[in-house]
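A short worksheet on the structure shown next.
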Amino acid sequence: MGKSTTTDRSRQKRASAPTRFVNENENDDEFSDVIQDEGEDDNESDMLHILEALQKRKSKKKQTTGTKLGTLETQKAILYAEARQFALDTTREGSAYLDSALNRMSAYAKQPIAAGKHVQDFAGVYTACDASVKSLLALYPALLQGLGPRRAQEMEEASGMAPYPIFYAHAVERF
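Residues 1295 to 1469 in our numbering are what the sequence shown lists, from first letter to last.
The following block contains the structure:
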């Protein structure tokens, strides 16, 4: 495209008045009405074609929507059926497990078990543990005997120093 000296924005408007043509012949007006009527028929037929196209689109959408809804309903029905079957299977398995557990518990309840037998089994472990604790305490008797009273005395002194923060901090550090 070549450059023009005037741009669309800078183009000057025409100074002439608008021109209007008038038909002097009345027959021409009648002829124009006929042409206009034929044009209206064309417009009507165009409108009919447009409306038919819209109706076809709507029916197509309804069909696809109906198909989608049918598919969704089918999937929903399948999911519900699977969930129901899973619930039934779980209920059956749970009931069977509870029945077997009840049978095992009743079988255990019928077996004679002497509590004395279990006490005798654990008596050896208890005596061994008790003996090891007593031997450990026998190693440091003076420490254990003096520990309680000394600890009580230190705690008493620390609580007496509570009003004096410096002494209290020092007493707490000894613990």
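Beta carbons: idealized from backbone N, C-alpha and C, even for Gly.
Terminal residues of the alpha helix (DSSP H) in which residue i lies
| i | result |
| --- | --- |
| A1417 | A1409 to L1433 |
Spatial distance of residue i from residue j (CA atoms)
| i | j | result |
| --- | --- | --- |
| E1387 | S1426 | 51 Å |
| A1463 | Q1439 | 27 Å |
| F1416 | M1449 | 41 Å |
| V1328 | Q1349 | Confidence in V1328 is poor, its pLDDT being 48 and thus under 50, which makes the residue's placement unreliable; the coordinate value appears in the next sentence. In a straight line, the C-alpha of V1328 is about 31 Å away from that of Q1349. |
| L1342 | K1356 | 21 Å |
| M1399 | A1375 | 36 Å |
| S1394 | D1383 | 16 Å |
| K1352 | E1346 | 10 Å |
| P1457 | L1441 | 26 Å |
| I1460 | R1445 | 21 Å |
| F1325 | T1365 | The pLDDT assigned to F1325 is 49, lower than 50, so where the model puts this residue is not dependable, and the model offers no usable value. |
| L1433 | D1424 | 15 Å |
| A1452 | P1435 | 26 Å |
| G1410 | L1431 | 31 Å |
| A1422 | Q1414 | 13 Å |
| L1280 | A1401 | Only positions 1295 to 1469 of the chain appear in this structure, which leaves residue 1280 out of reach. |
| T1368 | D1340 | 42 Å |
| K1354 | N1337 | 25 Å |
| M1295 | I1344 | Its pLDDT being 47, under 50, M1295 is placed unreliably in this model, and the value from its coordinates should be taken loosely. For M1295 and I1344, the distance between alpha carbons rounds to 40 Å. |
| S1389 | G1418 | 43 Å |
| N1397 | K1370 | 40 Å |
| A1377 | L1392 | 22 Å |
8 Å Cβ cutoff, residue i in contact with chain B
| i | result |
| --- | --- |
| Y1402 | Within the model displayed, chain B is absent; a lone protein chain is all it includes. |
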